[in-house]
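Let me begin by presenting the structure, written as structure tokens, before commenting on it.
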Amino acid sequence: MPEQRTAAPAASAGELLTAYRPGDAFFSTGSHALHGTGTLTTLDRAEDLTSVLAEAGEGAVAVGAIPFDVARPAHLVVPETVRWSPPAANTAPAERRWSPLAGEWRITPVPAPEAHVAAVERAVKLMAEDADLLKVVLARTLRVHGDRKVDVATVLANLLWRDPSAFVFATDLPARGSGTRSLIGASPELLVSKRGRRVLSNPLAGSAPRSADPTKDQKRAVDLLTSTKDRHEHAVVVEAVAEGLRPYCRRLTVPDEPELVKTATMWHLSTRVTGEAIDPDLPAHVPAMALHPTPAVCGTPRDRAFDTIVDLEPFDRGFYTGAVGHSDASGDGEWVVTIRCADVEGDTLDLYAGGGVMPESDPDAELAETSAKLRTLLLALGVDGAA
């Protein structure tokens, strides 16, 4: 296999974004951004990444997506050329442009809001009947259909400039028709980052919608931080992440108390779990696959929650609530949870959002949470419509 080429660094993430074309790879974090073009090879198993990257040469990088259902094929690409830049937050304001999508757009919820409420009610009932089922994450979608092809680059730019600190991504997916299909999004949740021996995971669980009123917004943040239901939900996820990382780390630090983090539309409970890798050459995708799917996107226990999701959700999640990111030949990389995302093909976008259902969950509140999360993508589209 030919060696991957690393082009001259870009001056800014804005420069990389200008060069982006549908089918390329783009990944932006708080420390850097990358843009991959062309394809040296494509893989459908994360387990093959290490050997393929070794063949691609020193410094080679693979990017791509892993589906929610790990039994299904992944879509991972070793690009022909990779460029890097400083983080998006360093980009000059003059380079940051937001543009609504042109055209007329029709929004269809799947399932209908009342059907999602009924599914949450069913999940709560199942947990009352089965003490071993502790949490189920239920999602819903919005299908956004337009009168013209989606301008993927515009949506990606809107996501990046609305929240430059988020993990903003775009990656190619296997086409279902004759056109290009892309997975794009702005995830707030780091599954695993690995640099040398340093390992970091930042699980988020427990959420509340933001408010445009500063007083109400602060109250919602305080209510979330003191919510027994949300703190319990968060603790379950943090414990699972710590247990998943322990086999790979000789030291692991797990804070006792969660912190509050915010996006443009949501408050989240957050805990940064840090560790020191036993093996400095540990490939980043290995602990990522060990953690995926976390209770934050699936539930507890994992297998029982997964089966409940399949029974109650009337759609295929595909790559939503999977993992998206990159690994390099030295084992370093970053993988984030694929949320606040859209599956884009032709004139159609499928937007996704979910929430953790606990035995004490209120179904109407769960619907409101998904609506708030869906606003991230609707705002990036500049599309009017109820979530």
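Okay, so the sequence shown: first residue is 1 according to the working numbering, each after it adds one. From the three backbone atoms N, C-alpha and C, an ideal C-beta is built for every residue, glycine too. Since we're looking at a predicted model, the values are computed, not measured.
Locate the alpha helix (DSSP H) running through histidine 232, then write down its first and last residues. 228 to 245
On the DSSP bridge assignment, give the partners of aspartate 130 in chain order. Note: aspartate 130 sits in no beta bridge, so no partner.
Spatial neighbours of alanine 71 within its chain, please: CB distance less than 8 Å, with the 5 preceding and 5 following residues excluded, ordered by chain position. none
Would you tell me roughly how many angstroms separate the C-alpha atoms of leucine 351 and threonine 370, rounded to the nearest one? 11 Å
Please state the DSSP three-state secondary structure of methionine 358. coil
I believe valine 137 touches glycine 299 by the beta-carbon criterion, under 8 Å. Please report the beta-carbon distance rounded to the nearest angstrom. 5 Å
Distance check for phenylalanine 167 and arginine 198, CA to CA, integer angstroms please. 19 Å
Glutamate 334 bridges to which residues according to DSSP? Ser193, His326
Mind reading off the beta-carbon distance from alanine 170 to valine 152? Whole number of angstroms is fine, and I expect it under 8 Å. 7 Å
Using only the alpha-carbon positions, how far apart do tryptophan 161 and arginine 96 sit? 6 Å
I think glutamate 80 touches glycine 38, with their Cβ atoms under 8 Å apart; what is that distance to the nearest whole Å? 3 Å
Are leucine 53 and alanine 62 touching if we call contact CB-CB under 8 Å? yes
When the distance is taken between beta carbons, is proline 67 closer than 8 Å to proline 410? The requested residue 410 is not part of the displayed model; the chain covers only 1 to 387.
Among Gly331, Pro287, Lys262, the one whose alpha carbon lies nearest that of aspartate 281: Gly331
DSSP three-state assignment for arginine 375, whether helix, strand or coil: helix
Do leucine 40 and phenylalanine 26 have their C-beta atoms within less than 8 Å of each other? no
Should alanine 235 and leucine 260 be called a contact, given that it needs their Cβ atoms to be closer than 8 Å? no
Nearest to arginine 122 by alpha carbon, out of Ala365, Ser187, Pro359, Leu381? Pro359
Residue from Val238, Asp213, Ser207, Glu233 whose Cα sits closest to the Cα of aspartate 223: Ser207
In the DSSP assignment, what are the bridge partners of threonine 348? His145, Glu345
One question on the structure: do alanine 388 and methionine 266 come within less than 8 Å of each other, judged by their Cβ atoms? This structure does not reach residue 388, given that the chain is present from 1 up to 387, and the question cannot be answered.
Beta carbon of serine 182 nearer than 8 Å to that of proline 301: no
Span separating the alpha-carbon of leucine 190 from that of arginine 5: 27 Å
What's the gap between the Cα of glutamate 334 and the Cα of threonine 141? 26 Å
Span of the alpha helix (DSSP H) around valine 254: Unbroken run through valine 254: none, as it is neither H nor E.
Could you tell me the boundaries of the beta strand (DSSP E) in which phenylalanine 167 lies? 167 to 173
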